[in-house]
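Counting from 1, position 405 in the sequence shown corresponds to residue 1840 in this note's numbering; the numbering is continuous, with no gaps. Just so it is clear, CB atoms sit at the ideal spot from N, CA and C, and this is done for glycine as well. Working notes, structure below.
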Amino acid sequence: MPRKKEKAHTTIILCVDRDNDLGRKAKIEGPVIGKEKNLEAAKKLLLADPTESDANCIFAAIKKYDDLKKQFGNLEVITLTGYGKAGFKSDQKINEQLDMLEKKYKIDGFILVTDGAEDDQVIPILQSRAKIISKEVVVIRQAKPVESVYYTIREALKDPYLARIVFGIPGAIALFYAFTQYFNMQGLFIQGISFIVGFYLVMKGLGIEVKLHKAYEKSIRIISPQRASFPFYVGSIFIFIFGLYTGLQNVFFTTAEQSTIIYIRALQSTYLFMALSAIFVFIARTIDVVEMKKAVLMRKYFLYAISTLTIWIILDSATLVFLKEADLNFFLFSMLFSFVIILVAFKVFDALDVTRKATKLLIGLPVYNAGGQWLGKVVAIDKARNQVLFSKNSEKPARENRFKLADGKVIVSTS
1436 MPRKKEKAHT TIILCVDRDN DLGRKAKIEG PVIGKEKNLE AAKKLLLADP TESDANCIFA
1496 AIKKYDDLKK QFGNLEVITL TGYGKAGFKS DQKINEQLDM LEKKYKIDGF ILVTDGAEDD
1556 QVIPILQSRA KIISKEVVVI RQAKPVESVY YTIREALKDP YLARIVFGIP GAIALFYAFT
1616 QYFNMQGLFI QGISFIVGFY LVMKGLGIEV KLHKAYEKSI RIISPQRASF PFYVGSIFIF
1676 IFGLYTGLQN VFFTTAEQST IIYIRALQST YLFMALSAIF VFIARTIDVV EMKKAVLMRK
1736 YFLYAISTLT IWIILDSATL VFLKEADLNF FLFSMLFSFV IILVAFKVFD ALDVTRKATK
1796 LLIGLPVYNA GGQWLGKVVA IDKARNQVLF SKNSEKPARE NRFKLADGKV IVSTS
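Shown next, in the form of structure tokens:
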């Protein structure tokens, strides 16, 4: 029987494109292995974006390879790619590519070539696989000084976060000024400015602004006329606008009561519209997951819709008590009624929950352990034993009955 060929010890000159500029701009996914493929990748990236520093980093790695190939017995130059600006997803993708490299090479160590602090965050990941022999930071020197005010400002404003501060806050203040002028409410202008600036700074400090921006980008991708859910998304937007309009009408066209009562009634008039708007979104998301054959996620959106309904019931009853149009017993009954609705919903959906059941819906999904390590993908299921069978490439499948489905991937309890 022929003896299995042992993998040779290899030193790897490594570039890490953590924010995946290669994928986004040149349509090249990692790992990029070998001098010629890396040279081609760097050229494509420079043609797509001549200012891209990652291309210079790859060229520097190739130069390092040429300088050291006589010094090392087995040397290879490789570029790994991440996943946009998402740190966890990027690290997850880099780990998957390192798993592939460990199958092909017996890695002696890494010579890391990087273009800045962003890629330095992968050092602990690399050190968990092999030692880092050397690290080189590539600094791009400009042909002439770029300190001109115009150039600096123009480049800085390409950053969406800075652009939102420079344009967003003054724009909001200008709109608020026009609003106060139109409704003869000039006395609110200074308070409005304080509120806008303070509100933005709080959002920025707590990281809410980034989450809202990601939610906005995700919404733009999701709302497509080519999906059956499109009418529900559009309906949700219009219901939200109707709610705001109804609330403003109650503020500006009601004068018989105290100002505090007017504002509370105006707010109450928007409750149902806001709840219906959110429920329409959840219905649309349910349609989306059915279309994408991810029906296992339906449970989540149904529970969101029911929770929204109960929040509306509680808020409305609490407001009626505050306005002295209902007594405390009515509010307590509303709380109890909402609790019963949610409890029944959870019991029903727990009985129908398939996130821990071995079904054909799981076949083809990626498998990770609790630590986030990629273990392969589901290749088959064993309904009788409620087990998933998963493997990497052509390896013998492993079995596991302690698993759960979360965010489109299967998480198993053991590796």
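- Query: Who are the near neighbours of Ile-1846 in its chain, counting only those whose CB is closer than 7 Å to its CB and skipping five residues on each side?
  - Reply: Tyr-1803, Ala-1805, Phe-1838 and Lys-1839
- Pick helix, strand or coil for Pro-1666, following the three-state DSSP scheme. helix
- Task: Could you name the residues of the same chain whose beta carbon sits closer than 8 Å to that of Phe-1825, not counting the 5 residues immediately before and after it, in chain order?
- Result: Val-1802, Leu-1810, Gly-1811, Lys-1812, Val-1813, Val-1814, Pro-1832, Ala-1833, Glu-1835, Val-1845 and Val-1847
- Message: Quick check on Val-1581: buried or exposed, where buried means 16 or more other Cβ atoms within 10 Å of its Cβ?
- Response: Any reading at Val-1581 needs caution, since the residue's pLDDT is 44, under 50, leaving its predicted position unreliable; the model's value is listed next. Exposed.
- Alpha carbon to alpha carbon, what distance is there between Glu-1531 and Glu-1571? 24 Å
- Item | Same chain only: Cβ atoms within 7 Å of Tyr-1585, ignoring 5 sequence neighbours per side | With a pLDDT of 48 at Tyr-1585, under the threshold of 50, the predicted position of this residue should be treated as unreliable, though the coordinate-derived value follows. Hits under 7 Å: none found.
- Which value, in whole angstroms, describes the spacing of the CA atoms of Leu-1481 and Ala-1461? 9 Å
- With distances taken Cα to Cα, identify the nearest neighbour of Tyr-1706 among Thr-1743, Arg-1720, Val-1725 and Val-1686. Thr-1743
- Task: Just confirm the distance between the C-beta atoms of Phe-1545 and Ile-1468, as a whole number of angstroms; I'd bet it's less than 8 Å.
- Result: Wrong, their Cβ atoms sit about 14 Å apart, outside the cutoff.
- Query: Since Asn-1473 contacts Thr-1516 with CB under 8 Å, what's their CB separation in whole angstroms?
  - Reply: 12 Å between Cβ atoms; not a contact.
- Query: With C-beta atoms as the reference, is Phe-1715 less than 8 Å away from Ile-1674?
  - Reply: yes
- Residue from Ser-1769, Lys-1735 and Lys-1759 with nearest C-alpha to Ile-1746: Ser-1769
- Please check the pair Phe-1784 and Arg-1734, which I expect to be a contact at CB under 8 Å, by giving their CB distance rounded to whole angstroms. 5 Å
- Message: Does the contact criterion of 3 or more C-beta pairs under 8 Å hold for the region 1606–1617 versus the region 1627–1641?
- Response: yes
- Message: Within 10 Å of its beta-carbon, does Pro-1466 have 16 or more other beta-carbons around it, so buried, or fewer, so exposed?
- Response: buried
- Task: Report, in whole angstroms, the separation of the C-beta atoms of Val-1548 and Cys-1450, which I expect to be a contact under 8 Å.
- Result: 5 Å
- Message: Nearest by alpha-carbon distance to Gln-1562: which of Leu-1533, Val-1573, Leu-1771 and Lys-1538 is it?
- Response: Leu-1533
- Take Ser-1664 and list the residues in its own chain whose beta-carbon comes closer than 6 Å to its own, dropping the five residues that flank it on each side. Ala-1719, Ile-1722 and Asp-1723
- Query: Around the Cβ of Val-1573, are there at least 16 other Cβ atoms within 10 angstroms (buried) or fewer (exposed)?
  - Reply: buried
- Task: Answer yes or no: do Leu-1457 and Ala-1476 have a C-beta to C-beta separation smaller than 8 Å?
- Result: yes
- Tyr-1680 (DSSP reduced to helix, strand or coil): helix
- What is the DSSP secondary structure of Ala-1710, counted as helix, strand or coil? helix
- Would you please state the rounded distance, in angstroms, between the beta carbons of His-1444 and Lys-1539? I believe it to be under 8 Å. Incorrect: roughly 13 Å between the Cβ atoms, too far for contact.
- Task: Whole angstroms is fine: what's the gap from Met-1436's alpha carbon to Lys-1827's?
- Result: Its pLDDT being 46, under 50, Met-1436 is placed unreliably by the model, and the measurement read from it follows with that caveat. C-alpha separation (whole angstroms): 26 Å.
- Task: Have a look at Asp-1817 and Val-1725 and give me their C-alpha separation to the nearest angstrom.
- Result: 24 Å
- Output the distance between the C-alpha atoms of Tyr-1500 and Asp-1452, rounded to the nearest integer angstrom. 18 Å
- Do you know offhand how far Ile-1608's Cα is from Val-1632's? 9 Å
- Query: Enumerated in chain order, which unbroken segments of the alpha helix (DSSP H) with a length of 4 residues or greater are wholly contained in the region 1720–1790?
  - Reply: 1733–1757 and 1763–1787
- Limits of the unbroken alpha helix (DSSP H) element including Ile-1558: 1558–1562
- Message: Here's the rule: buried if 16 or more other CB atoms are within 10 angstroms of the residue's CB, otherwise exposed. What is Leu-1763?
- Response: exposed
- Query: According to DSSP, is Glu-1582 helix, strand or coil?
  - Reply: Reliability of the predicted coordinates at Glu-1582 is poor, the pLDDT of 43 falling under 50, and the value obtained from them is presented with this limitation in mind. Note: Glu-1582 maps to coil in three-state DSSP.
- Message: Using C-beta distances below 6 Å, list every residue in its chain close to Ala-1713, excluding the 5 sequence neighbours before and after it, in chain order.
- Response: Thr-1743
- Item | Alpha-carbon to alpha-carbon, Leu-1797 and Asn-1509 | 41 Å
- Task: Look at the Cβ atom of Phe-1772, then the Cβ atom of Ile-1741, and state whether they are nearer than 8 Å.
- Result: no
- Task: Check Asn-1836 in the structure and name its three-state DSSP category.
- Result: coil
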